[in-house]
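**Student:** My questions will all concern the structure given below.
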């Protein structure tokens with residue numbers, strides 16, 4: 001039995017306060033749950049293996065000479081904020097295959113992986129796994145050796161060493177969490193696995209199946225070069241609860257990206273995060289690329305025009321500009337595989353509007369850097385797009401609408417208050433309080449869904465309040481762990497916390513549409529009521545509101561609306577009730593001009 005000072009990895013991850021992009025999110029559980037061990041430090045009572053506590057023993061890390069390979073470097077993101085990186089190599093050896101990786105991840109994971117090594121036979125049956133790392137400040141040595149269907153594991157951490165032997169599938173993948181190099185073996189399996197395939201996986205005391213779900217072909221354009229990939233949805237059926245994820249595999253079988261939506265983690269190979277790379281998701285006949293000069297850099301976008309039949313006889317079109325939320329999503333606003341703006345753009349173009357959607361600065365193919373950008377800066381970028389669209393020869397400059405989604409609605413609101421060249425404004429799924437109040441709502445909403453003691457919940461809330469106060473005032477950082485300051489003390493978060501829709505909407509004179517899904521669990525649906533109340537305080541300015549039943553934050557039909565449901569939604573189509581509400585309102589509004 002473990003002494004009381006031993007803290008399991010599962011418990012450690014559960015109690016971590018995660019502040020990324022300034023938003024504290026509790027309840028991170030890792031991928032496998034580590035339920036067979038109470039962590040790398042020992043076992044729970046009654047599990048197989050010796051479970052004996054003793055002085056640390058040396059764990060041999062078997063190394064195999066391998067030909068030089070080209071390492072791939074990945075960036076680890078939590079809530080779109082980079083928290084670490086990992087360098088991964090896959091080598092063909094005399095024994096079969098060797099995958100090696102090293103890297104680090106800051107809070108909330110707090111891991112330094114000096115050497116992670118997995119070996120497989122030529123037909124990808126497991127041989128062994130070794131780990132030399134530091135987790136939460138404690139040295140960690142771990143090794144698993146597989147012989148047939150027997151996996152013998154030895155783990156040493158925090159002055160203790162334990163061993164155990166488990167029965168595993170002969171072709172099980174060795175997938176320790178939260179290390180990403182071993183996922184290269186999963187990529188090899190997924191490259192050809194049809195939907196419905198069950199893949200066996202094992203990690204230090206825990207065996208679990210991975211179910212292969214839907215897959216789709218993807219194309220990324222890197223300049224003139226096309227990169228072809230397969231995007232596969234999977235469900236890791238871990239003992240605690242299923243964890244849904246997406247894995248991207250290049251056509252040569254190498255790993256490109258892992259996305260775990262419910263935990264807001266994304267691991268992306270660096271070459272495909274370049275501004276020269278664009279994912280081609282939604283394309284209409286006649287779509288054209290646009291380059292728009294901004295403040296010292298160009299913004300890249302796509303212009304979609306009405307089909308020839310609806311455009312017949314028209315010399316100019318009313319125009320719609322789509323502006324999206326914060327984070328890594330590009331002009332198509334892809335979340336959990338759903339191109340929200342790609343679909344909305346197509347619906348608006350079919351309805352007779354010229355539509356422009358664009359990559360935010362520092363994202364996709366747009367230039368500029370996002371590190372120092374504020375809401376004001378993104379508003380300036382949007383105004384540059386508005387000016388360029390109004391000057392396009394086939395656009396009616398007196399009928400230019402902006403549709404803002406999520407945080408993009410905040411940017412659109414601010415831009416409309418500054419420039420009357422925007423003649424109509426639609427706000428989709430956005431908040432109505434100050435950014436600070438909304439941020440605290442996100443934290444408390446997350447805590448309501450977490451199984452944590454009340455004292456820990458209150459501690460999380462108190463810490464988040466102190467972080468917000470320090471971001472706004474610049475005072476109080478000495479009482480806050482430095483890793484949280486690194487992630488929260490950025491210009492965008494300060495501008496977000498101090499943003500007040502009441503103050504900005506008072507200066508917006510354009511006709512306004514508010515759209516809110518009833519199952520939105522990322523923004524409280526009551527936000528629409530508050531926005532309507534604020535908007536109606538203006539004089540002689542029309543306001544319309546559309547509340548869409550059974551629609552989540554992604555504008556999709558849903559059952560629960562929770563983020564954990566996103567990846568399992570079969571109908572990945574923006575609700576026609578949403579796109580119809582926007583097109584009908586635009587037609588009505590522009591008809592009066």
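Numbering (the working numbering), first residue to last: 1 to 593.
Using N, Cα and C, we set each Cβ at its ideal position, and we do this for glycine too.
Could you check the C-alpha separation between residue 284 and residue 339 for me, to the nearest Å?
**Tutor:** Going by the C-alpha atoms only, they are around 14 Å apart.
**Student:** Spatial neighbours of residue 631 within its chain, please: CB distance less than 7 Å, with the 5 preceding and 5 following residues excluded, ordered by chain position.
**Tutor:** Nothing about residue 631 can be read from this structure; the chain reaches only from 1 to 593.
**Student:** So, helix, strand or coil for residue 568, using DSSP?
**Tutor:** Three-state DSSP puts residue 568 in a helix.
**Student:** When you compare the region 251-271 with the region 77-85, are there three or more beta-carbon pairs, one atom per stretch, that lie closer than 8 Å?
**Tutor:** Taking 8 Å as the limit for Cβ pairs, the verdict is that the region 77-85 does touch the region 251-271.
**Student:** List the DSSP bridge partners of residue 134.
**Tutor:** Note: residue 134 sits in a beta bridge opposite 112, 139.
**Student:** To the nearest angstrom, report how far apart residue 227 and residue 249 are at their CA atoms.
**Tutor:** For residue 227 and residue 249, the distance between alpha carbons rounds to 11 Å.
**Student:** What distance in whole Å lies between the Cβ atoms of residue 516 and residue 547, which are believed to be in contact at a cut-off of 8 Å?
**Tutor:** About 6 Å; that satisfies the 8 Å criterion.
**Student:** Do residue 292 and residue 388 have their C-beta atoms within less than 8 Å of each other?
**Tutor:** Yes.
**Student:** So, helix, strand or coil for residue 236, using DSSP?
**Tutor:** Reduced to three states, the DSSP call for residue 236 is strand.
**Student:** Would you kindly work out how many angstroms separate the C-alpha atoms of residue 488 and residue 443, rounded to a whole number?
**Tutor:** Their Cα atoms are separated by approximately 14 Å.
**Student:** Under the three-state reduction of DSSP, which class applies to residue 316: helix, strand or coil?
**Tutor:** DSSP places residue 316 in coil when its eight states are reduced to three.
**Student:** Would you give the residue range spanned by the beta strand (DSSP E) that residue 74 belongs to?
**Tutor:** From DSSP, the beta strand (DSSP E) with residue 74 extends over 72-78.
**Student:** Between residue 466 and the rest of its own chain, which residues show a CB-CB distance below 7 Å, the 5 nearest in sequence each way excluded?
**Tutor:** These residues qualify, in order along the chain: 476, 479, 480.
**Student:** Could you name the residues of the same chain whose beta carbon sits closer than 6 Å to that of residue 253, not counting the 5 residues immediately before and after it, in chain order?
**Tutor:** Within the same chain, residue 253 has close Cβ partners 188, 191.
**Student:** Going by C-alpha distance, which of 303, 522, 380 is nearest residue 392?
**Tutor:** Per the Cα distances, 303.
**Student:** Span of the beta strand (DSSP E) holding residue 577?
**Tutor:** Here residue 577 belongs to no beta strand (DSSP E); instead the alpha helix (DSSP H) covers 576-591.
**Student:** Just to confirm, are residue 524 and residue 441 a CB contact at a threshold of 8 Å?
**Tutor:** Yes, they are a contact pair.
**Student:** For residue 512, tell me which candidate among 333, 102, 417, 359 has the shortest Cα-Cα distance.
**Tutor:** Cα-wise, what sits closest to residue 512 is 417.
**Student:** In chain order, what residues of the same chain lie with their CB nearer than 6 Å to the CB of residue 577, ignoring the 5 residues before and after it?
**Tutor:** The residues are 548.
**Student:** Would you tell me roughly how many angstroms separate the C-alpha atoms of residue 204 and residue 561, rounded to the nearest one?
**Tutor:** Distance between the alpha carbons of residue 204 and residue 561: 34 Å.
**Student:** Since residue 210 is in the alpha helix (DSSP H), which residue starts that stretch and which ends it?
**Tutor:** Taken as a continuous stretch (DSSP letters only), residue 210 belongs to no alpha helix (DSSP H), being part of the beta strand (DSSP E) at 206-222.
**Student:** Does DSSP put residue 370 in a helix, a strand or coil?
**Tutor:** Here residue 370 sits in coil by DSSP.
**Student:** Assuming the contact rule is C-beta atoms closer than 8 Å, residue 85 and residue 103 should be a hit. Round their C-beta distance to whole Å, please.
**Tutor:** Rounded, the Cβ-Cβ distance is 5 Å, consistent with contact.
**Student:** Looking at residue 200 and residue 209, is the spacing between their C-beta atoms short of 8 Å?
**Tutor:** Going by C-beta atoms, residue 209 is nearer than 8 Å to residue 200.
**Student:** So, are the CB atoms of residue 202 and residue 151 less than 8 Å apart?
**Tutor:** Going by C-beta atoms, residue 202 is nearer than 8 Å to residue 151.
**Student:** For residue 36, I'd like the list of residues in its chain whose CB is within less than 7 Å of its CB, leaving aside the five on either flank, ordered along the chain.
**Tutor:** Here residue 36 scores only 28 on pLDDT, less than 50, and its place in the model is too uncertain to base an answer on.
**Student:** By how many angstroms is the C-alpha of residue 257 removed from the C-alpha of residue 505?
**Tutor:** C-alpha separation (whole angstroms): 39 Å.
**Student:** Which full runs of the beta strand (DSSP E) of 3+ residues lie inside the region 497-543, going along the chain?
**Tutor:** Fully enclosed beta strand (DSSP E) runs of 3 or longer: 512-517.
**Student:** Assuming residue 555 contacts residue 526 under a Cβ cut-off of 8 Å, what Cβ separation, rounded to an integer in Å, is found between them?
**Tutor:** So it is not a contact: roughly 18 Å between Cβ atoms.
**Student:** For residue 336, which residues in the same chain have their Cβ closer than 6 Å to its Cβ, ignoring the five residues on either side in sequence?
**Tutor:** Contacts found: 261, 566, 567.
**Student:** Grouping DSSP H, G and I as helix and E and B as strand, with all else coil, what is residue 172?
**Tutor:** Of the three classes helix, strand and coil, the one that applies to residue 172 here is coil, per DSSP.
**Student:** Could you check how far apart the C-beta atoms of residue 178 and residue 131 are, in whole angstroms? I think they sit under 8 Å.
**Tutor:** Not a contact, Cβ separation roughly 12 Å.
**Student:** Using a Cβ-Cβ cutoff of less than 7 Å, which residues in the same chain neighbour residue 270 once the five nearest sequence positions on both sides are dropped?
**Tutor:** Excluding sequence neighbours, residue 270 sits near 73, 74, 75.
**Student:** Within this structure, are the beta carbons of residue 323 and residue 404 separated by less than 8 Å?
**Tutor:** Their beta carbons are under 8 Å apart, which means residue 323 touches residue 404 by this criterion.
**Student:** Candidates 107, 536, 318, 445: which alpha carbon is nearest residue 422's?
**Tutor:** When each option's Cα is compared against that of residue 422, the closest is 318.
**Student:** In the structure shown, what three-state DSSP assignment does residue 269 receive?
**Tutor:** Reduced to three states, the DSSP call for residue 269 is strand.
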